[in-house]
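2 is the number of the first residue of the sequence shown in my numbering; add one for each residue after it.
Note that the Cβ used here is the ideal one computed from N, Cα and C, for glycine as well.
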Amino acid sequence: MILFKEIAPLQKWLYQAKNEQKKTGFVPTMGFLHEGHISLIEQSRHETDITACSIFVNPTQFNDPGDFEKYPVALEKDIYLLEKHHTDILFLPSVHEIYPSGSHSSIHYNLGYLENILEGFYRPGHFQGVCQVVDRLLAIMKPHTMWLGQKDYQQYMVIKKMAEDYHPDVTIKTGNTLREANGLAMSSRNMRLTRDAREKAGAIYRALLFIKKNIHVVEIPELKMRASDMIMHSGFAKIDYIEICNSSTLHPVTHVDNDTTLIALAAAFIEGVRLIDNMQLV
Ligand code: PAF
C-alpha cells in the first residue's frame, strides 16, 4: 500500500494509473476501521483495478464539537487492516491539505428537503459538512466508483444528490450494513459503549426487524410506537426518531401500498452515544 499525505504526488500517481486505463475505486472514511469498511474495500477490489481509501476526520461535519473531540483514532490498526486487505492507496491528509484556505465553505450545496429531515433535523449543518469534504475528496481522487455504507442511508442519498451536481461521472455504490452477533450495526461509535450497553444496543436492530415482520399487519403509527417501546425498555435514554419512509425519497409514509419500497430508520442514545440504523422493509 502506498501512503500519500499530500495531494500533488497522489494525483500524479492516479493520473498515471488513469493513463493506463485503470479504474479507481474509492472508499472515504474517518478511520477507526471495522469490518463494514473492509467489506467496502473488498467490493472495490473486486470491481475496480485500484482501490484507494482515505482517512480524514472531517471537522466541518460535527455539529457537536464534543463528538469531534471524542472521535476515536487507531491509525496503526487501520493501516494494518488496509494492508491486510490489499488496499493500493491510503490518502491521509492534514486539515490544511483538505482546507488550505480554511474550512469555511463558500458553497451551499442544494440538498433540498433531505437536508432538514431525520439526521438533518437533529444534526443541523451536518450534511453541508459531509458534502463539503466529499466534494473535495472526489475532486482530488477523481475515482470511477465510490463506495459508502448502507448504515448511513440518508448520507448516501445526500452525497448522491451532491455528486449529481458536482461529480456526475462518479458511480456511487453502497455496501450492506455489517452487524455484530446481537444485530448492532457496526460503527466506530460502538467502541464508546460499555459491554453492557453494547449488548442492549442490539434493541435497535430487533425493533427494525419487528417493523419489517409486521409492516403488513400493524398500522404504521402503532408499529412505530411499539418499536420505540422496545428500544426504550432495553435501556436507551432517548430516541431522536423512528420513521418509516419511502426509500427512494425518504418522505415519511403513513400507510403501505404495493408500489412504494419502504425503509425504516432509527436514531437513539445509549450511554450518551448516538446510534443510527435502518432496514429495507418491502
Ligand atoms: O461516513 C463517513 O465516515 C463520513 O461521513 C465520510 C463519508 C467519510 C465523510 O467524512
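- Counting the other CB atoms within 10 Å of its CB gives A228 a total of 16 or more, which places it among the buried residues.
- Per the Cβ contact rule, the region 163–179 is not in contact with the region 113–122 (fewer than 3 Cβ pairs under 8 Å).
- Only buried fits N59, as 16 or more other CB atoms lie within 10 angstroms of its CB.
- Not a single heavy atom of the ligand PAF lies less than 6 Å from the C-beta of N177.
- A Cβ-Cβ distance of about 7 Å is found for the pair Y154 and I264, placing them in contact under the 8 Å criterion.
- Taking non-hydrogen atoms of the ligand PAF into account, the C-beta of T195 is found less than 6 Å away from none of them.
- With a threshold of 16 other beta carbon atoms within 10 Å, V74 falls short and is exposed.
- In the structure shown, F33 adopts coil according to DSSP, grouped into three states.
- Restricting attention to I8, I160 and T172, the CA atom closest to the CA of F128 is found in I160.
- Look at E244 here: in three-state DSSP terms it is strand.
- By the Cβ-count criterion, F122 is exposed, with fewer than 16 other Cβ atoms from all chains shown falling within 10 Å of its own Cβ.
- Rounded to the nearest angstrom, the gap between the Cα atoms of F63 and G130 is 8 Å.
- T25 is a Cβ neighbour of I51, given a cutoff of 7 Å.
- Remark: C-beta atoms of T178 and A186 approach each other more closely than 7 Å.
- If you draw a straight line from the Cα of L76 to the Cα of D230, it is about 39 Å long.
- I90 is bridged by DSSP to I3 and A53.
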